[in-house]
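Take a look at the structure below.
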């Protein structure tokens, strides 16, 4: 009886472990993955507390707000900074994203007069007041996916993409946080403007991003276009939009996530089967020893 109870408890424990592992949900693309960095060539003349104070203020505000801008310092050492999180992130996810950036700034840029760090889920930028600005629609970074293959259903792809772009354009202007994500006939689209833009200016920025997506990426099945004041992304799924589509990640990245999830599930199921066989083997061996 003691033997049976001991092995029954062990079996139940292992069953729970493997069942939990098998059904553990795979997370979406990590919001804190680096997309790109932009660092000025000029170092700060006086890397005082101003920059540190500015960054601390921005990180603190990210626990409560999706977008925030502020200044730090006085006289000729005034610094301006802001951050913005993707419009579909919670306050907690926003903070977790923004709080990673100060260490990245120090490691990737050092103490420079202006810098920008773009992660998948958020970005932060700062500059010394008076630093030369770039136009709102200046292209900062682009990612073009693979071109359409012969097995892709490309009939009317450009027309569908243009319609989806129109949805983004209208969505960012009518939405409260200048963010839009949606699907249209196998296309997943996403767009967002910097929080201090007016609605019409936001629409114009997104329109410029869409035009640059067409000129820079052509008939790519996915693209990410980052301008100074806005960004857009799209991914084309000939067999239907993936349920994992919730960030500017490429279609290839999301396919890899599904592959990993299937592999993990397969290994977990195999492991559970092995545990069952070992348990049964131990039971029969104990019975043989008893008789």
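In mature numbering (1 follows the signal peptide of the UniProt record, and there is no 0), the protein residues as written are -29 to -1, 1 to 262.
The beta carbon of each residue, even a glycine, is placed where N, CA and C say it ideally should be.
Short Cβ contact (8 Å threshold) for residue i with residue j
| i | j | result |
| --- | --- | --- |
| residue 60 | residue 40 | no |
| residue 118 | residue 164 | no |
| residue 6 | residue 89 | yes |
| residue 158 | residue 207 | yes |
| residue 128 | residue 175 | no |
| residue 347 | residue 86 | Coverage of the chain is limited to positions -29 through 262, which leaves residue 347 absent and any answer about it impossible. |
| residue 203 | residue 168 | no |
| residue 73 | residue 114 | no |
| residue 193 | residue 116 | yes |
Bridge partner(s) assigned by DSSP for residue i
| i | result |
| --- | --- |
| residue 163 | 150 and 202 |
| residue 14 | 83 |
| residue 9 | 87 |
| residue 98 | 51 and 85 |
| residue 194 | 115 and 205 |
| residue 110 | 198 |
| residue 158 | 155 and 207 |
| residue 93 | 56 |
Residues near residue i in its chain [Cβ-Cβ closer than 7 Å; skip 5 each side]
| i | result |
| --- | --- |
| residue 155 | 131, 134, 135 and 138 |
| residue -3 | Confidence is the limiting factor: at residue -3 the pLDDT is only 44, short of 50, which leaves the residue's position unreliable, though a coordinate-based value still follows. Here the set comprises nothing. |
| residue 148 | 37 and 58 |
| residue 65 | 33, 37, 56 and 93 |
| residue 23 | none |
Cβ neighbours of residue i in the same chain (closer than 6 Å, five flanking residues each side left out)
| i | result |
| --- | --- |
| residue 142 | 151 |
| residue 8 | 79 and 88 |
| residue 28 | 41 |
| residue 170 | 144 |
| residue 3 | 68, 71 and 90 |
| residue 44 | 21 and 50 |
| residue 188 | 115 and 194 |
| residue 197 | 111 and 112 |
| residue 351 | Only positions -29 to 262 of the chain appear in the structure, and residue 351 is not among them; the question remains open. |
| residue 221 | Per-residue confidence for residue 221 stands at a pLDDT of 40, beneath the threshold of 50, marking its modelled position as unreliable; the derived number appears in the next sentence. Within the same chain, residue 221 has close Cβ partners 116 and 193. |
8 Å Cβ shell around residue i - same chain, five flanking residues per side excluded
| i | result |
| --- | --- |
| residue 42 | 25, 49, 50, 51, 52 and 100 |
| residue 81 | 10 and 14 |
| residue 35 | 62 |
| residue 106 | 199 |
| residue 17 | 48 |
| residue 12 | 83 |
| residue 102 | 11, 84 and 85 |
| residue 140 | 162, 174, 177, 178 and 181 |
Runs of beta strand (DSSP E) wholly within the region 29 to 67 (minimum 3 residues, chain order): 38 to 43 and 50 to 56
Any 3 or more C-beta pairs closer than 8 Å across the region 171 to 184 and the region 67 to 81: no
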